[in-house]
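> Mind looking over this structure? Questions follow.
There are 2 protein chains.
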Amino acid sequence: MTYRATIVPRNSAEHGLVDAAKLVIARRTGSVDRLVALAASDMAGVDALIAARMQSPVSVIPALADHLIEAGGKRLRPLLTVAAARLMGGHGDRCIKLAAAVEFIHTATLLHDDVVDASGLRRGKVAAHLIWGAPSSVLVGDFLFARAFELMVETGSLGALEILARASRVIAEGEVLQLSRAHDLALSQATYLEIISAKTAELFAAAAEAGAVSAGADAAASAALRAFGQNLGLAFQLADDALDYDGSTETLGKNAGDDFREGKATLPLLLAIARLGPREVDFWQRAIGRQEQTSDDFRRARELIVGTGALEATLDLATSYAEDAKLALAIFPPTPWRDGLEALADFAVSRRA
Amino acid sequence: MTYRATIVPRNSAEHGLVDAAKLVIARRTGSVDRLVALAASDMAGVDALIAARMQSPVSVIPALADHLIEAGGKRLRPLLTVAAARLMGGHGDRCIKLAAAVEFIHTATLLHDDVVDASGLRRGKVAAHLIWGAPSSVLVGDFLFARAFELMVETGSLGALEILARASRVIAEGEVLQLSRAHDLALSQATYLEIISAKTAELFAAAAEAGAVSAGADAAASAALRAFGQNLGLAFQLADDALDYDGSTETLGKNAGDDFREGKATLPLLLAIARLGPREVDFWQRAIGRQEQTSDDFRRARELIVGTGALEATLDLATSYAEDAKLALAIFPPTPWRDGLEALADFAVSRRA
Chain A
163 MTYRATIVPR
173 NSAEHGLVDA
183 AKLVIARRTG
193 SVDRLVALAA
203 SDMAGVDALI
213 AARMQSPVSV
223 IPALADHLIE
233 AGGKRLRPLL
243 TVAAARLMGG
253 HGDRCIKLAA
263 AVEFIHTATL
273 LHDDVVDASG
283 LRRGKVAAHL
293 IWGAPSSVLV
303 GDFLFARAFE
313 LMVETGSLGA
323 LEILARASRV
333 IAEGEVLQLS
343 RAHDLALSQA
353 TYLEIISAKT
363 AELFAAAAEA
373 GAVSAGADAA
383 ASAALRAFGQ
393 NLGLAFQLAD
403 DALDYDGSTE
413 TLGKNAGDDF
423 REGKATLPLL
433 LAIARLGPRE
443 VDFWQRAIGR
453 QEQTSDDFRR
463 ARELIVGTGA
473 LEATLDLATS
483 YAEDAKLALA
493 IFPPTPWRDG
503 LEALADFAVS
513 RRA
Chain B
163 MTYRATIVPR
173 NSAEHGLVDA
183 AKLVIARRTG
193 SVDRLVALAA
203 SDMAGVDALI
213 AARMQSPVSV
223 IPALADHLIE
233 AGGKRLRPLL
243 TVAAARLMGG
253 HGDRCIKLAA
263 AVEFIHTATL
273 LHDDVVDASG
283 LRRGKVAAHL
293 IWGAPSSVLV
303 GDFLFARAFE
313 LMVETGSLGA
323 LEILARASRV
333 IAEGEVLQLS
343 RAHDLALSQA
353 TYLEIISAKT
363 AELFAAAAEA
373 GAVSAGADAA
383 ASAALRAFGQ
393 NLGLAFQLAD
403 DALDYDGSTE
413 TLGKNAGDDF
423 REGKATLPLL
433 LAIARLGPRE
443 VDFWQRAIGR
453 QEQTSDDFRR
463 ARELIVGTGA
473 LEATLDLATS
483 YAEDAKLALA
493 IFPPTPWRDG
503 LEALADFAVS
513 RRA
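Residue numbers (the numbering used here), protein chains in the order written: chain A, 163 to 515; chain B, 163 to 515.
This is how it looks when you write it as structure tokens:
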């Protein structure tokens with residue numbers, strides 16, 4: 163499969179199919195603060211550009227886009243683009259435009275995902291489709307996606323355009339694959355990793371790679387930053403899937419237990435099912451397979467997922483991807499930008515939201 | 163408004179707000195056959211490229227895309243791209259790739275539109291979202307849109323990329339504007355023309371302009387082909403809106419009366435309302451404003467629209483845009499390609515489906 167290649171091969175060889183008993187990994191507490199401080203003026207430029215380019219004479223468009231964009235989020239993806247470009251010595255505002263484009267692509271996918279999943283909360287606010295309706299969310303997503311490409315064209319970087327066009331296609335493939343395997347209790351861990359590699363890690367990888375390419379990085383440096391983004395994205399999504407069973411709605415900004423209620427077969431669930439063997443089969447088939455849930459089911463699922471060690475195993479796998487991300491940076495001399503990216507990798511796993 | 167500028171100004175001055183009594187225009191019978199024959203080998207290449215690039219390891223994607231693309235349609239937009247490029251002396255397969263990209267953008271908007279409008283039929287087949295579900299239609303639309311940009315990047319033409327990225331954004335704006343003014347019986351003819359200029363004519367304009375630019379056309383020639391496409395698109399959409407009250411479901415490939423049942427305020431309806439004045443206000447407010455329709459309402463609406471001359475007036479306006487389209491070609495020497503484009507302009511109005 164096309165996007166299978168985007169999973170960094172050494173991971174699948176080393177620990178692609180997780181057995182937590184074999185993994186003893188120290189989890190480092192990371193922070194996004196160092197990178198945020200370094201990129202402060204650049205990110206102010208990104209925010210200003212985002213605010214300017216979400217405008218339209220059709221007033222529903224900025225209203226709906228603003229609802230989601232002003233809710234914030236961590237802006238990790240555009241931060242990656244800026245950091246990769248500055249690490250490679252890139253000057254000027256080319257990476258600012260690319261970073262805004264990356265955030266627009268991400269926002270477009272969030273709008274469409276929330277329609278697809280019928281989600282209720284996003285970034286701590288009522289999901290846009292519940293206020294403006296699903297049709298507006300679909301069309302404003304299309305608007306933002308097109309705006310992203312307009313911004314990319316302005317940079318004149320065909321290399322960056324190629325990377326982000328491909329990423330946009332791979333993301334859609336990952337989303338469809340996830341949709342077609344929804345409620346599938348027999349989902350293999352390999353297919354699960356394919357899905358998150360495409361739907362999440364690909365944009366992290368492309369965001370970093372496009373930043374590097376736009377700054378004139380050579381093939382080895384671009385590949386290293388792509389590998390960093392790819393592994394960071396996998397760590398981020400695995401931690402996200404763990405948080406759905408471990409975090410509170412208040413800190414998450416979305417409903418804890420959303421994945422479970424939507425019947426999404428994420429790794430914590432798949433591992434728990436595998437470890438329980440024949441036990442609890444009826445429970446999973448009713449609650450996930452047939453989507454017949456009672457109000458107590460999420461609590462019970464959480465107990466099983468924590469009790470079998472599936473939650474910890476998921477976080478261990480996330481940690482190992484974060485370590486791989488940091489290793490990918492070893493070809494660069496130590497600089498504040500490299501240090502900031504390393505701290506970001508640790509943050510992806512140690513965060514609580 | 164940004165997309166207002168895309169309405170060719172001379173039209174609005176001459177007959178933007180239609181008064182059919184003033185218009186006595188001979189409608190010529192056109193045909194797409196001449197252009198289809200000239201472009202036969204190019205369009206075979208476009209079809210092959212479309213078939214190749216709709217493929218994905220995620221099997222739902224080609225299945226859903228194929229359902230819509232294999233149903234055919236007239237492929238007018240990619241035909242425009244090819245014809246514009248060949249008219250300007252373009253060689254090679256650059257325009258083939260752009261033409262496939264144009265068709266992918268069009269197909270993506272159809273998939274999303276059918277979800278937005280909850281349409282039942284498209285190109286004579288059950289709409290994709292009724293078979294695979296709305297979520298799949300949304301995501302496969304995203305896939306095709308991204309594929310379009312991958313194809314454009316391959317051509318290396320930043321000029322064509324800029325034109326089609328902008329068009330994609332304008333189309334989304336037009337769709338949102340239409341959605342926000344749905345069921346609005348007070349919609350002005352000017353706003354109606356803005357909507358169809360953005361949601362339909364923009365892609366015709368961009369398809370022709372991108373083909374010209376990719377062949378190295380100068381600014382005057384590119385602008386002329388853009389104007390041709392723009393006017394052709396307006397003629398095409400006006401004829402389409404008339405056909406919804408005049409054609410049969412069998413020849414249309416979609417349900418006759420769809421616009422009426424969806425409460426869309428198109429020109430035939432708006433003109434009939436204007437001409438009837440205070441008469442029938444209750445009927446329109448119930449059937450369109452509040453969307454409370456009986457099975458007999460479409461027949462009655464059709465009688466009023468034909469009886470007031472609103473249908474003929476809409477077709478007259480379509481004819482005048484088709485004439486403008488042909489005038490835009492006057493700067494080019496007569497060649498088989500120019501003749502073919504002229505016949506296409508007449509076809510846009512004289513067609514029965």
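Glycine is no exception: its CB is placed at the ideal position from the N, C-alpha and C atoms.
#1: Between S281 of chain A and the rest of its own chain, which residues show a CB-CB distance below 6 Å, the 5 nearest in sequence each way excluded?
#2: Can you find a CB in chain B that lies within less than 7 Å of the CB of R331 of chain A?
#3: Starting from V264 of chain B, follow its DSSP beta bridges and name the residues at the other end.
#4: If you reduce the DSSP assignment to three classes, tell me which class V288 of chain B lands in.
#5: Indicate whether G303 of chain A and H345 of chain A have their beta-carbon atoms separated by less than 7 Å.
#6: In the DSSP assignment, the alpha helix (DSSP H) including H229 of chain A goes from what residue to what residue?
#7: Keeping to the same chain, check which residues put their C-beta closer than 6 Å to that of L249 of chain A; ignore five residues upstream and five downstream.
#8: Would you tell me roughly how many angstroms separate the C-alpha atoms of L429 of chain B and D209 of chain A, rounded to the nearest one?
#9: When you compare each of B:D403, B:Q447 and B:A383 to I493 of chain B by their alpha carbons, which one comes out closest?
#10: Using 7 Å as the threshold, is the C-beta distance between I325 of chain A and E371 of chain A below it?
#11: Give me the Cα-Cα distance between G234 of chain B and R285 of chain B, rounded to the nearest whole angstrom.
#12: Count the CB pairs spanning the stretch 449-464 of chain B and the stretch 372-380 of chain B that are closer than 8 Å, and state whether there are at least three.
#13: Along chain B, which residues have their Cβ under 8 Å away from the Cβ of E424 of chain A?
#14: Leaving out the 5 sequence neighbours to the left and right, which residues in its chain are closer than 6 Å to A463 of chain B when beta-carbon positions are compared?
#15: Quick check: what's the CA-CA separation for A507 of chain A versus D501 of chain A?
#16: State the Cα-Cα distance for the pair G439 of chain A and D402 of chain A, rounded to the nearest angstrom.
#17: Is any beta-carbon of chain A found at less than 7 Å from that of F311 of chain B?
#18: Rounded to the nearest angstrom, what separates Q217 of chain B and L431 of chain A at their Cα positions?
#19: Span of the alpha helix (DSSP H) holding F311 of chain B?
#20: Just the Cα atoms here: how many angstroms apart are M205 of chain A and L320 of chain A?
#21: Alpha helix (DSSP H) containing A490 of chain A: first to last residue?
#22: Going by the DSSP bridge assignment, what does A200 of chain A pair with across the sheet?
#23: Cα-Cα, which of A:A385, A:V468 and A:L272 is closest to T491 of chain A?
#24: Among the residues of its own chain, which have a CB less than 7 Å from the CB of A377 of chain A, if the five just before and after it don't count?
#25: Just confirm the distance between the C-beta atoms of A270 of chain A and P240 of chain A, as a whole number of angstroms; I'd bet it's less than 8 Å.
#26: Nearest to L272 of chain B by CA position, among B:E337, B:R196 and B:L479, is which residue?
#27: How would you call D195 of chain A, buried or exposed, if buried means at least 16 neighbouring beta carbons within 10 angstroms?
#28: Would a check of beta-carbon distances place E356 of chain A closer than 7 Å to chain B?
#29: Which residues in chain A have a C-beta closer than 8 Å to the C-beta of H253 of chain B? List them in chain order.
#30: Is it true that the CB of A427 of chain A sits closer than 7 Å to the CB of L323 of chain A?
#31: Rounded to whole angstroms, what's the CA-CA distance from E157 of chain B to K259 of chain B? Just pull it up for me.
#32: Can you give the Cα-Cα distance for D478 of chain A and A308 of chain B, rounded to whole angstroms?
#33: Whose C-beta lies closer than 6 Å to the C-beta of D255 of chain A among residues of the same chain, with five residues either side of it excluded?
#34: Output needed for I223 of chain A: all residues of its chain with C-beta closer than 6 Å, excluding positions within five of it in sequence on either side, in chain order.
#35: Would you say S512 of chain B reaches chain A, if we count a Cβ-Cβ gap shorter than 7 Å as a contact?
#36: Does V186 of chain A have its Cβ less than 7 Å from a Cβ in chain B?
Taking the geometry as given:
#1: For S281 of chain A, the CB contacts under 6 Å within the same chain, skipping 5 residues up- and downstream, are A289 in chain order.
#2: yes
#3: DSSP lists no partner for V264 of chain B.
#4: Of the three classes helix, strand and coil, the one that applies to V288 of chain B here is strand, per DSSP.
#5: no
#6: V222 to I231
#7: Around L249 of chain A: W499.
#8: 41 Å
#9: B:A383
#10: Yes, they are a contact pair.
#11: 7 Å
#12: no
#13: Listed along chain B, no residue sits closer than 8 Å to E424 of chain A by beta-carbon distance, the nearest being about 12 Å off.
#14: F422
#15: 10 Å
#16: 25 Å
#17: yes
#18: 31 Å
#19: Here the alpha helix (DSSP H) through F311 of chain B covers A296 to T317.
#20: 23 Å
#21: A472 to A490
#22: According to the sequence provided, residue 200 of chain A is Leu. The question's Ala does not apply to it. For L200 of chain A, which the question treats as bridged, DSSP gives no partner whatsoever.
#23: The sequence shown places Leu at residue 491 of chain A, rather than the Thr named in the question. Nearest of A:A385, A:V468 and A:L272 to L491 of chain A, Cα basis: A:A385.
#24: A247, M250, G251, G252 and C257
#25: 14 Å between Cβ atoms; not a contact.
#26: B:E337
#27: exposed
#28: no
#29: None at all; the shortest Cβ gap to chain A is about 21 Å.
#30: no
#31: Given a span of 163 to 515 for chain B in the structure shown, any question on residue 157 of chain B remains unanswerable.
#32: Going from the Cα of D478 of chain A to the Cα of A308 of chain B covers about 34 Å.
#33: none
#34: In the same chain as I223 of chain A, and ignoring 5 residues on each side of it, the C-beta atoms closer than 6 Å to its own belong to V302 and F305, in chain order.
#35: no
#36: Unreliable placement is indicated for V186 of chain A, whose pLDDT of 49 sits below 50; the coordinate value is still reported in the next sentence. For V186 of chain A, the closest Cβ of chain B is not nearer than 7 Å.
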